[in-house]
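Below is one structure; the comments refer to it alone.
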Amino acid sequence: MTSWDERFRTGEYPRDPEPSDLLQRHLSTLPTGRALDVATGTGRNAVALAAAGHRVDAVDQSREGLRIARERTRERGVAERVEWIQADLDTFAFPEETYDLVTISFYRATDRFTDIKEALAPGGTLFVEHHLRSVDPVESGPSGDRYRFGANELLYACLDLTVLHFESRTERRDDGRTAATTRVVARKSHGTRQSYPAVDD
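Residue numbers (the numbering used here): 2 to 202.
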C-alpha cells in the first residue's frame, strides 16, 4: 500500500473534494468531449467532468483513491462515462492530440508538462491548479517548496498555449486553512487573434 493509499483509506485526504469554482465556471463554456483528469485521486475533477457530459479518462497511481472515485461516480449515476486507469504518472504514455480537456489539481506535473500539452487535441483546453511557494504563512499543501510552483512558473509553462485565465493568490480553504495557490486555463490554439469565451463571475 502506498502512502497515498493510506491517506485516502484513513480519510486524511477528503473523500469528496469539489473542483475549483474556476474550473466549474469554464466547464459551461466548453463543448462536451473527451477529457483526461491527471492524478485524479478521489475524483475531484473526474466526477464533475462526467456529470457535465464528458467522457473521462482518470489516471492515478493509488488503487484506494481510484476505488473511492469509482464509488462516487456510481453514486452520481455517471460511472459509465469514466475509464479509471491505475498508472505511474512518471512513465504513463499520454496519447497525442486526444483530449478536448485536460485537468490537473494539486499535482506538480512539470516533468511531464510537454507530454500533457501534446495530449490536447487542437483547440483543447488545459486547467491546472496547484500550491505556490510563498513568503506568507500557509497551512495547506506540501510542507516544503520542492513540490510547489515558483512564482509565474505555471504561467511560463503555458505560454505556448492561449492563456484564457491566470491567477495566483493566498486564500482560506473550506477546511479553514490558508493556502497559496495558482491556477491557469489555457487553450491549444495559436495566433494573435483569438476568441475568449465569456465566463460568469
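Cβ atoms here follow ideal geometry from the backbone N, Cα and C, with glycine treated the same way.
Close Cβ partners of residue i (< 6 Å) along its chain, the five nearest in sequence each way excluded
i   : result
A88 : V60
G54 : T33
L50 : A36 and V57
Whether residue i touches residue j by CB criterion (9 Å)
i    : j    : result
I105 : A158 : no
A120 : Y100 : yes
A181 : R170 : yes
I184 : S21  : Note that residue 184 is Arg in the sequence shown here, rather than Ile. Yes; because the gap between Cβ atoms is below 9 Å, this pair is in contact.
R147 : L133 : no
H131 : T163 : no
H216 : F128 : What the structure shows of the chain is the stretch from 2 to 202, and residue 216 is not part of that stretch, so it cannot be assessed.
D91  : K118 : no
I69  : F9   : yes
Cut-off 7 Å between Cβ atoms - residues of its own chain near residue i, not counting five sequence neighbours on either side
i   : result
L31 : L102 and T126
Residue from the options whose Cα sits closest to the Cα of residue i
i   : options            : result
E84 : G151, A36 and A152 : A36
Whole-Å CB distance - residue i paired with residue j, under 8 Å assumed
i   : j    : result
R77 : A52  : 6 Å
E98 : P138 : 43 Å between Cβ atoms; not a contact.
T43 : R73  : 7 Å
Residue i beta carbon near the ligand MG (any heavy atom closer than 8 Å)
i    : result
A187 : Inclusion of the ligand MG in the displayed structure is not the case, the ligand content being empty and no account of it being possible.
Interface flag, residue i vs chain B, CB-CB below 9 Å
i   : result
R10 : No chain B is present in this structure, which holds just one protein chain.
Bridge partner(s) assigned by DSSP for residue i
i    : result
T30  : In DSSP, T30 forms no bridge with anything.
S190 : Answer is none; S190 lacks a bridge partner.
Cutoff 8 Å; reference residue i; Cβ partners in own chain excluding five residues on either side
i    : result
F114 : A158
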